[in-house]
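Chemist:
4 protein chains.
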Amino acid sequence: MQPLMTETELATYLDEVFPEMKGKFVIEEVSPMFARVRRRVTPDDLRPGGTVSGPTMFSLADCAFYAVTLAMIGRQALAVTTSCAINFMRKPEPRDLTCEARILKLGRALAVGDCTIFSPGVEGPVAHATLTYSIPPAR
Amino acid sequence: MQPLMTETELATYLDEVFPEMKGKFVIEEVSPMFARVRRRVTPDDLRPGGTVSGPTMFSLADCAFYAVTLAMIGRQALAVTTSCAINFMRKPEPRDLTCEARILKLGRALAVGDCTIFSPGVEGPVAHATLTYSIPPAR
Amino acid sequence: MQPLMTETELATYLDEVFPEMKGKFVIEEVSPMFARVRRRVTPDDLRPGGTVSGPTMFSLADCAFYAVTLAMIGRQALAVTTSCAINFMRKPEPRDLTCEARILKLGRALAVGDCTIFSPGVEGPVAHATLTYSIPPAR
Amino acid sequence: MQPLMTETELATYLDEVFPEMKGKFVIEEVSPMFARVRRRVTPDDLRPGGTVSGPTMFSLADCAFYAVTLAMIGRQALAVTTSCAINFMRKPEPRDLTCEARILKLGRALAVGDCTIFSPGVEGPVAHATLTYSIPPAR
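Chains as they are written, first to last, in this note's numbering: chain A, 91 to 229; chain B, 91 to 229; chain C, 91 to 229; chain D, 91 to 229.
1) Look at the alpha carbon of THR172 (chain C) and the alpha carbon of PHE115 (chain C), and state the distance between them as a whole number of angstroms.
2) Mind checking whether ALA201 (chain A) and ILE193 (chain A) have CB atoms under 8 Å apart?
3) Going by other Cβ atoms of all chains shown within 10 Å of its Cβ, with 16 needed for buried, is THR141 (chain B) buried or exposed?
4) For a contact defined as C-beta to C-beta under 7 Å, what are the partners of ALA175 (chain B) on chain D?
5) Within a Cβ cutoff of 6 Å, which residues of the same chain sit near ASN177 (chain A), ignoring the five residues on either side of it in sequence?
6) Give me, in chain order, the residues of the same chain whose beta-carbon lies closer than 7 Å to that of ALA154 (chain D); leave out the 5 immediate sequence neighbours on both sides.
7) Can you say whether ASP134 (chain D) is buried or exposed, counting buried as having 16 or more other CB atoms within 10 angstroms of its CB?
8) Determine the DSSP secondary structure at THR146 (chain A), reduced to helix, strand or coil.
9) Beta-carbon within less than 7 Å of ASP105 (chain A)'s beta-carbon, same chain only, minus the 5 sequence neighbours each way: which residues are those?
10) Against chain A, with Cβ distances strictly below 8 Å, would PRO226 (chain D) count as a contact?
11) If I follow the unbroken alpha helix (DSSP H) through THR96 (chain D), where does it start and stop?
12) Counting C-beta neighbours from all protein chains within 10 Å, is the total for ARG229 (chain B) 16 or more, i.e. buried, or is it exposed?
13) Give every residue of the same chain whose Cβ lies closer than 6 Å to the Cβ of SER209 (chain A), excluding the five residues on either side of it in the sequence, and list them in chain order.
14) Between which residues of its own chain and GLU118 (chain C) is the CB-CB distance below 6 Å, once the five residues before and five after are set aside?
15) Considering THR206 (chain D), what are the terminal residues of the beta strand (DSSP E) in which it resides?
16) How would you list, in chain order, the residues of chain C whose beta-carbon sits under 7 Å from the beta-carbon of THR171 (chain D)?
17) Any C-beta of chain A within less than 8 Å: which residues of the region 97 to 111 of chain B qualify?
18) Could you say which of A:LEU196, A:PRO227 and A:GLY139 lies nearest to ARG180 (chain A) if we only look at CA atoms?
19) Who are the near neighbours of LEU94 (chain B) in its chain, counting only those whose CB is closer than 6 Å to its CB and skipping five residues on each side?
20) Taking GLY139 (chain C) as the query, report the chain D residues whose CB atoms sit under 7 Å from its CB, ordered along the chain.
21) Output the distance between the C-alpha atoms of THR132 (chain D) and THR98 (chain B), rounded to the nearest integer angstrom.
22) Name, please, each residue of chain C whose Cβ falls closer than 7 Å to the Cβ of LYS195 (chain B).
23) Do you know whose CA, among B:PRO226, B:SER224, B:PHE108 and B:MET123, lies nearest ALA161 (chain B)'s CA?
24) Give me, in chain order, the residues of the same chain whose beta-carbon lies closer than 8 Å to that of ASP152 (chain A); leave out the 5 immediate sequence neighbours on both sides.
25) If we call anything under 8 Å between Cβ atoms a contact, is PRO145 (chain D) one with PHE148 (chain C)?
26) Taking the C-alpha atoms as reference points, what is the distance between ARG137 (chain C) and SER143 (chain C)?
27) For PHE148 (chain A), would you say it is in contact with chain B, using Cβ-to-Cβ distances shorter than 8 Å as the test?
28) List, in order along the chain, the chain A residues whose C-beta lies closer than 9 Å to that of ASP204 (chain B)?
29) Listing by chain order, which chain B residues have their CB less than 7 Å from the CB of THR220 (chain C)?
30) Give me the Cβ distance between SER224 (chain B) and ALA169 (chain B), rounded to the nearest whole Å; I'm assuming they're in contact under 8 Å.
31) Starting from GLU119 (chain A) and walking both ways along the beta strand (DSSP E), at which residues does that stretch end?
32) Can you tell me whether DSSP reads GLY139 (chain A) as helix, strand or coil?
33) Taking C-alpha atoms, which residue in A:SER121, A:MET91, A:GLN166 and A:LEU150 lies nearest to TYR103 (chain A)?
34) For VAL131 (chain B), does the three-state DSSP call read helix, strand or coil?
35) In whole angstroms, give me the CA-to-CA distance for ALA199 (chain C) and PRO226 (chain C).
36) Thinking C-beta only, is LEU100 (chain D) closer than 8 Å to VAL120 (chain D)?
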């Protein structure tokens, strides 16, 4: 099953529906059931000890899973997160983060999958999340 | 077991260690193993359909559980979230959210508990999360 | 919203649809959006160190949340667990466990809630779980 | 980092520490940070509709992650599950299940990773879980 949207189409669409996040995320790669998304980290995203905040990592997992879901089902701004279980495993460096999102099941009403977050310079993932998105019936 | 910090002491301390979040959170109540925290919602926190974003709710649960943990163990800026499982259940109204955080276990190295998030005007909680915080050994 | 089934009706129904679990669970109380269920613990359920196994606690949370869901929606044997996030917090004693299950949202297609498990003689809950059940459309 | 135990050594050790589970699990493969474990499914593990029960899948994820953790750290019967977040995605066939367990972080005190469960004849995983194990300090 091929993606219905390219990296550029996804980026344009995200800017349109989430203008408040413009410039924060870079869609690096989209392939079947997979997306890799980078989060540009700014001083606002940092925490004491020179690391990236948990909410920043959560928002990256959430956005990357949204991106892979949209890529597979097409423009559906109203797809919504219904659950996320995230483990924070290592302290990220205070710089950009990369997230690999993978769909494990794409049903009519739900997409289920996981996200693995990497911090360049840190060996092993810094966080791992499983997510569920609800897909509106109107598609 | 009584809290070691009052609402005002907590608010002052959070402003000091997380200056980038200043003005976003209001510590409404602290009692043994419990805190209620309000998140001031601004246009940046909204999403298509006039609702509050998932990352905003995550950051509220994370902050409220941090607040109740600090209230019980005292100033420990380096306590870090190790896991969070969150369910989004209802669409919040586009206004302030309230979170009730409760510690279920306070060990030497870990605090475990849950958070329930309410949106005034919505019947029933809008989100529920379970969280684990790691407490640094130096306390 | 009142339960549609009593403790006795639930117990009879569970024995009928899950004959392999007969005698393991006791429905102690059902009230609106709430159930308390006891798990009879036998030597097979124990682990090294004289404690109750994780799978036994998982099965109790799963059964108790199924019980409260059925109590509210009526006989629906095909309601199925779609997710569970469980934290094991304290070592239970090698004897019966009690679980309090609570529905936080009862929608048309999903029930979401949490379960808190207690071991008599242990102060504080031994485990806490959040669960999601999918409700078949035919009701 | 090579495993400290082979498939046969693990199987022997599990039979010794968990005699009540003897014959239920087959350690099919162990490699660095990875294990594949099969669960022999019997009539007791089935549910209405001819599928495998949720607790059976939970116990497989729990056992497989225990196996990979032991394989990497050596005999530590008292390593205990501290959390598990599991998503049930597809209905398994009423026969043996296979689980692939992977460690994402092996720290001194915690092992964190995920498990993906397959049912032969079903396309795509039937369940996915993330787990955390606490490792006793005495190693």
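Ideal Cβ positions, reconstructed from N, Cα and C, are used throughout, including at glycine. Remember, it's a predicted structure, so these values are computed and weren't measured experimentally.
Modeler: From the atom records:
1) 21 Å
2) yes
3) buried
4) ALA175
5) HIS218
6) ALA125, VAL127, CYS189, ALA191 and CYS205
7) exposed
8) helix
9) LYS112
10) no
11) Segment: none, THR96 (chain D) is in no alpha helix (DSSP H) and carries neither H nor E.
12) Caution applies to ARG229 (chain B), whose pLDDT of 44 falls short of 50 and renders its modelled position unreliable; the value that the coordinates give is listed next. By the 10 Å Cβ count, ARG229 (chain B) comes out exposed.
13) PRO182, GLU183, LEU187 and VAL216
14) ARG126 and ARG128
15) 200 to 208
16) GLY144 and PHE178
17) VAL107, PHE108 and GLU110
18) A:GLY139
19) GLY164
20) LEU168
21) 59 Å
22) MET179, ARG180 and GLY214
23) B:MET123
24) THR171, CYS174 and LEU221
25) yes
26) 6 Å
27) yes
28) Neighbours of ASP204 (chain B) on chain A: none; closest Cβ ~13 Å, over 9 Å.
29) ALA175, ASN177, HIS218 and THR220
30) 7 Å
31) 115 to 121
32) coil
33) A:GLN166
34) coil
35) 7 Å
36) yes
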